[in-house]
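Below you'll find the structure, written out as structure tokens, and then a few comments.
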């Protein structure tokens with residue numbers, strides 16, 4: 596069995612209980628060495644074979660999995676954050692399907708959740724934004740034209756932008772072209788939940804300048820939106836006058 600496991604955003608105690616158990620039990624671990632906290636590997640048993648996929652191709656990763664299956668070994672494929680976001684797991688699963696090798700996916704805490712926690716922020720606020728757009732800038736890897744940043748920015752929703760810290764002048768240009776005002780609140784969260792985490796609050800217009808001042812070029816999330824302002828309407832869910840399945844609303848005293 597192959598287990599695709601989300602390692603969480605960085606802090607070793609933010610992996611799931613199931614993910615930690617699988618690391619302890621596995622005979623083979625293939626981990627994304629460029630992003631996964633290596634301290635997670637300290638949970639592996641001494642006999643476990645460990646591979647850093649940062650220097651491997653898809654074909655090499657699959658070859659390790661196939662050999663482990665032939666030897667009746669349990670394998671963990673350890674991805675940063677949650678495997679469903681920028682994890683390139685679909686191509687791995689397709690290869691395993693072709694070979695009739697069983698696998699499962701164990702979700703993890705994404706760095707976009709870690710970034711919100713670091714900021715003590717809520718992405719979805721009444722009368723501010725009820726939508727979170729998770730995306731990235733086009734770089735060496737393209738994005739579909741319909742998902743170009745300026746088109747997504749037209750929604751004026753909360754935006755969480757991955758893999759773009761090295762392209763902040765271009766990102767700023769596209770955000771402004773899409774309709775965000777220059778003074779729209781923004782934040783740069785470097786290595787969310789790691790010991791060397793940095794939180795930098797700024798605006799859309801000075802994203803690039805802020806990152807340059809703090810020497811940040813990678814491993815950071817860019818967050819954009821009025822959810823960072825602090826202004827919002829109270830949620831109806833806990834409002835005393837609001838009726839729902841579990842509580843009868845009551846009129847406020849005059």
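Numbering (the numbering used here), first residue to last: 596 to 849. The beta-carbon is built from N, C-alpha and C at its ideal position, and this holds for glycine as well.
Item: What residue does the alpha helix (DSSP H) around residue 614 start on, and which one ends it?; Value: 612 to 620
Item: With a threshold of 8 Å on Cβ separation, who are the neighbours of residue 721 within its own chain once the five nearest residues in sequence on each side are excluded?; Value: 827, 828, 829, 830, 831
Item: At what residues does the alpha helix (DSSP H) containing residue 805 begin and finish?; Value: 802 to 808
Item: Starting from residue 767, follow the alpha helix (DSSP H) in both directions and report where the run begins and ends.; Value: 763 to 772
Item: Under 7 Å Cβ to Cβ from residue 774, same chain only, skipping five residues before and after it: list those, please.; Value: 748, 749, 751
Item: Given 8 Å as the limit, is there contact between the region 599 to 618 and the region 662 to 682, that is, 3 or more CB pairs closer than that?; Value: yes
Item: Take residue 664 and list the residues in its own chain whose beta-carbon comes closer than 6 Å to its own, dropping the five residues that flank it on each side.; Value: 696
Item: Between which two residues does the beta strand (DSSP E) containing residue 673 stretch?; Value: 670 to 674
Item: Between the alpha carbons of residue 738 and residue 786, how many angstroms are there, rounded?; Value: 24 Å
Item: Please determine, among 609, 699, 844, 624, the residue with the shortest C-alpha to C-alpha distance to residue 596.; Value: 699
Item: Return the CA-CA distance between residue 791 and residue 662, expressed in angstroms with no decimal places.; Value: 37 Å
Item: Tell whether a beta-carbon distance below 8 Å holds between residue 795 and residue 782.; Value: yes
Item: Which residues in the same chain as residue 606 place their Cβ atom closer than 6 Å to its Cβ, once the five residues preceding and following it in sequence are excluded?; Value: 788
Item: Kindly indicate which three-state DSSP category residue 841 falls into: helix, strand or coil?; Value: coil
Item: Do residue 766 and residue 817 have their CB atoms nearer than 8 Å?; Value: yes
Item: CA-CA distance, residue 687 and residue 655?; Value: 11 Å
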